[in-house]
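Participant:
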Amino acid sequence: MLENPLEQYQDEFASQIGAKAARATALGRQALVLLLKALDIKEGDEIGVCAFTCLSVAEAVKVTGAIPVYLDVDEHLCIDPDQILKHSKNSLKAVILQHTFGNPGRLDELLDACNYINAIIIEDCAHALGSYWGEKHLGCFGSGAIFSFQWGKPYTTGQGGMLICSSELIAEVDQMLETWAVPQQIKSAIMLEIQRKAYSVASKTGVEFYIRSLYKLLRDKGFISGSFKLDSDFKFEKGYIKYPDRLTLKEGLKQLKRYPEVEEKRRKTVCLIENMLEQNNIPIWQRSENAKIIILRYPIFVENKNEILQIAAQKNLDIAGWYNSPVHPLKNDDLVKVNYAKGMAPDAEIYIEKLIHLPTYNVTEEDLELMINTICNEIK
Ligand SMILES: Cc1ncc(COP(=O)(O)O)c(C=O)c1O
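Here the working numbering is used: the first residue of the sequence shown is 19, the next is one more, and so on.
1) From the DSSP output, in three-state form, read off residue 235 for me.
2) Can you give me the Cβ contacts of residue 115 inside the same chain, cut-off strictly under 6 Å, excluding the 5 residues immediately before and after it?
3) For residue 116, verify whether its CB is less than 8 Å away from any heavy atom of ligand 1.
4) For residue 65, which beta-bridge partners are listed by DSSP?
5) Among 385, 310, 362, 335, whose alpha-carbon lies nearest the alpha-carbon of residue 282?
6) How far does the alpha helix (DSSP H) with residue 221 in it extend, from its first residue to its last?
7) Can you check DSSP and say which residues form a bridge with residue 142?
8) Let's test the definition: count the other Cβ atoms within 10 Å of the Cβ of residue 349 and tell me whether it reaches 16, buried, or not, exposed.
9) List the DSSP bridge partners of residue 316.
10) Can we count residue 252 as close to ligand 1, meaning its CB is less than 8 Å from some heavy atom?
11) For the alpha helix (DSSP H) holding residue 132, just list the boundary residues, first then last.
12) Looking at the secondary structure, which residues open and close the beta strand (DSSP E) in which residue 183 lies?
13) Is the beta carbon of residue 375 within less than 8 Å of some heavy atom of ligand 1?
14) Just list the beta strand (DSSP E) runs in the region 316-346, keeping only unbroken ones of 3 residues or longer that don't cross its boundaries, in chain order.
15) Does the beta carbon of residue 311 fall short of 8 Å from some heavy atom of ligand 1?
16) Indicate whether residue 390 and residue 313 have their beta-carbon atoms separated by less than 9 Å.
17) With which residues is residue 40 paired in a DSSP beta bridge?
18) What residues in its chain sit with their C-beta under 8 Å from that of residue 45, if we drop five residues either side in the sequence?
19) I believe residue 257 touches residue 200 by the beta-carbon criterion, under 8 Å. Please report the beta-carbon distance rounded to the nearest angstrom.
20) Which same chain residues, not among the five before or five after residue 89, have their C-beta less than 8 Å away from its C-beta?
21) With contact counted as at least three CB pairs below 8 Å, one residue from each stretch, are the region 349-361 and the region 47-65 in contact?
22) Roughly how many angstroms lie between the CA atoms of residue 39 and residue 188, to the nearest whole one?
23) Would you kindly report the start and end of the unbroken alpha helix (DSSP H) that includes residue 284?
24) What I want to know is whether the C-beta of residue 339 ends up closer than 8 Å to one or more non-hydrogen atoms of ligand 1.
25) Opposite residue 364 in the DSSP bridges: which residues?
26) Take every Cβ of the region 150-162, pair it with every Cβ of the region 199-219, and state whether three or more of those distances are shorter than 8 Å.
27) For residue 176, name the three-state secondary structure that DSSP assigns.
28) Just to check, is the beta-carbon of residue 382 closer than 8 Å to a non-hydrogen atom of ligand 1?
29) Straight-line CA distance for residue 395 to residue 374?
30) On a CA-only basis, which of 76, 21, 42 is nearest residue 352? Give me that one, please.
31) For the region 181-195 and the region 45-59, state whether three or more C-beta atom pairs, one from each stretch, are separated by less than 8 Å.
32) Where does the unbroken alpha helix (DSSP H) through residue 77 begin, and where does it stop?
33) Going by alpha carbons, who is nearest to residue 107 out of 22, 91, 132?
34) Would residue 340 pass as a contact of residue 318 if the rule is Cβ separation under 9 Å?
35) Can you have a look at residue 157 and say buried or exposed, based on whether 16 or more other CB atoms are within 10 angstroms of its CB?
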C-alpha cells in the first residue's frame, strides 16, 4: 500500500524532470488553468498560443477569462519567434511555447523573443516527456510547464496532467488547489481503469490499432465522449480542477518507472524510420543540434495528404494527420468561439494541409516498411 501516492507521484515526476516541484491533476488542461491562474493571468489578458494546437490549450486560456492570440508556426510546427516579435512590449501577458511532437523548435530565439516583449514564458510539454534542450529537460525554461498523460502522449495513464514550476510559485498553486480542486468522481475513475485494461490487452495482442479505430468511431458517432468537447461557456468554478484518482496515480508511478524503456524504443524506431526515408529520398525532419528529443509522432509533409490517409486507412496502417485545424479538432464557426479566424496563421494552415505522421512506438518494422512503401508509392 502506498503511503501518499499523490505526493510520491509528484515527487518522482519532479525529480525525473529536474524540476523544483510538480502537482498532478486529472487532465493536462486543468494543470494549465492552475498554472495560468497561479501566474495571475486575468480576464482580458492576451496570451500567445501556438496556431497548431488542440482545444485543451485554447479552453484553458479561455477558462481563465484571458484571450488566446494565435501565433503562426515555422517548419518545426512550433511558434515562429518572429511572430512573437511582431507584438509590442507588454502586449502579450504570457506566451505558451508548445513543443510539438517533442520538438522545441528554435527555443533560444523563442525565449529571447518572449523576454524582449516582456511576456511570461509557459511551456506546453504535453508531447515532450524525455526531451531535452542542451542538458536541461524541456519544461524548465520558463515560469512553469504542463504535461498531459492522455492517450497518445509519450507516456500515458489514459487521462492525466501535471504542472511543474519554481519553489516560489508552488505556494500559489497549492492555495489554488485547496480552494478549487475536488477529487475525481468514482465513476470516471472506474471508466478510465476499464479503458486502461482494454488498452493493455490490445497492445499485448497487437490489436491496439483496431481498438483505437473503434474508440474513434464510437466517439465520432457520439456513443462516448472524447477529450475535445467544445463547451462554449468556458466557466471556471470549483470542481473544474480535479485531483487524479488513486488507480491513476498507481498507474502513473508504474509508467514512470518503465519510461526509460519506452524512450529507448522510440529512439530506435526513429532511427529505423529515418533510414527508410533516406533510402527512399524522402526528407527527414530537421531538428536543432541542441534538441535531444523523444519524437512522439514522426512528421512527413506531402502534397496529397487526404489521398494517403485514405489508402492507409484501407490498409489498416497507423498513418495519421492531426492536428486537422489550428485548434484541433475545431472547424469553421467553432474556431471563432476560441478566437481563431481563418487566415490568422497562414503557414500553420498550409502545414496542416500537408502533414502526415508515423508512430514511433508499438509498431513493428514490417508495419513501418508497409507505411513508408505506401507513402513512396502515393506521394506527389
Ligand atoms: C499540445 C497539447 N497541449 C495540452 C494538452 C492537454 O490535454 P488534456 O487536457 O487532454 O490532458 C494536449 C492533449 O491533447 C495537447 O496535445
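Cβ coordinates follow ideal geometry from the N, Cα and C atoms, glycine included.
Here the structure is a predicted model, which is why all the values come from computation and not from measurement.
Facilitator: Let's see:
1) For the purposes of this step, residue 235 is taken as residue 217 along the sequence shown, with counting starting at 1. Three-state DSSP puts residue 235 in a helix.
2) Within the sequence shown, residue 115 is the residue found at index 97, counting from 1. Cβ within range, chain order: 128, 141.
3) Counted from its first residue, the sequence shown places residue 116 at position 98. It does: the Cβ of residue 116 is within 8 Å (strictly closer) of some heavy atom of ligand 1.
4) Taking the first residue of the sequence shown as position 1, residue 65 is located at position 47. Bridge partners of residue 65: 86, 112.
5) On the sequence shown, position 264 is the one that residue 282 refers to. Cα-wise, what sits closest to residue 282 is 310.
6) Within the sequence shown, numbered from 1, the residue matching residue 221 stands at position 203. Residues 204-223.
7) Your numbering for residue 142 matches position 124 in the sequence shown. Beta-bridge pairing links residue 142 to 116, 164.
8) If you number the sequence shown from 1, residue 349 lands on position 331. It counts as exposed.
9) Indexing the sequence shown from 1 puts residue 316 at position 298. DSSP lists 376 as partners of residue 316.
10) Counted from its first residue, the sequence shown places residue 252 at position 234. No.
11) Within the sequence shown, residue 132 is the residue found at index 114, counting from 1. Unbroken alpha helix (DSSP H) run through residue 132: 125-135.
12) Within the sequence shown, residue 183 is the residue found at index 165, counting from 1. 179-183 is the extent of the beta strand (DSSP E) around residue 183.
13) Taking the sequence shown and counting its residues from 1, the one referred to as residue 375 is at position 357. Every heavy atom of ligand 1 is 8 Å or more from the Cβ of residue 375, so no.
14) none
15) Sequence index remark: in the sequence shown, residue 311 carries index 293 (1-based). Checking every heavy atom of ligand 1 against the Cβ of residue 311, none is found closer than 8 Å.
16) The residue given as residue 390 occupies position 372 in the sequence shown. The residue given as residue 313 occupies position 295 in the sequence shown. No, these two residues do not count as a Cβ contact at 9 Å.
17) In the sequence shown, counting from the first residue as 1, residue 40 sits at position 22. In DSSP, residue 40 forms a bridge with 182.
18) As a working note, residue 45 is residue 27 in the sequence shown. Answer for residue 45: 74, 166, 168, 177, 178, 179, 245, 260, listed in chain order.
19) Here residue 257 corresponds to residue number 239 of the sequence shown, with the count starting at 1. Here residue 200 corresponds to residue number 182 of the sequence shown, with the count starting at 1. Yes, residue 257 and residue 200 are in contact; Cβ-Cβ is about 5 Å, under 8 Å.
20) For the purposes of this step, residue 89 is taken as residue 71 along the sequence shown, with counting starting at 1. 66, 67, 68, 69, 97, 98, 101, 102, 113, 363, listed in sequence order.
21) no
22) Start at 1 with the first residue of the sequence shown, and residue 39 comes out as number 21. Start at 1 with the first residue of the sequence shown, and residue 188 comes out as number 170. Whole-angstrom Cα-Cα distance: 7 Å.
23) Residue 284 sits at position 266 when you count from the first residue of the sequence shown. Unbroken alpha helix (DSSP H) run through residue 284: 264-297.
24) Taking the first residue of the sequence shown as 1, we reach residue 339 at position 321. No, the Cβ of residue 339 stays beyond 8 Å of every heavy atom of ligand 1.
25) To locate residue 364, count along the sequence shown from 1; it is residue 346. None, per the DSSP bridge assignment.
26) no
27) Your numbering for residue 176 matches position 158 in the sequence shown. Strand, per DSSP.
28) The sequence position of residue 382 within the sequence shown is 364, counting from 1. Outside the cutoff, so no.
29) The residue given as residue 395 occupies position 377 in the sequence shown. The residue given as residue 374 occupies position 356 in the sequence shown. Roughly 15 Å between the two C-alpha positions.
30) Here residue 352 corresponds to residue number 334 of the sequence shown, with the count starting at 1. The residue with the shortest Cα to Cα distance from residue 352 is 76.
31) yes
32) Sequence index remark: in the sequence shown, residue 77 carries index 59 (1-based). First-last of the alpha helix (DSSP H) with residue 77: 73-81.
33) Here residue 107 refers to the residue found at position 89 when the sequence shown is read from its first residue. It is 132.
34) Taking the first residue of the sequence shown as position 1, residue 340 is located at position 322. Taking the first residue of the sequence shown as position 1, residue 318 is located at position 300. Not in contact: residue 340 and residue 318 (Cβ atoms no closer than 9 Å).
35) Residue 157 sits at position 139 when you count from the first residue of the sequence shown. Per the 10 Å Cβ criterion, buried.
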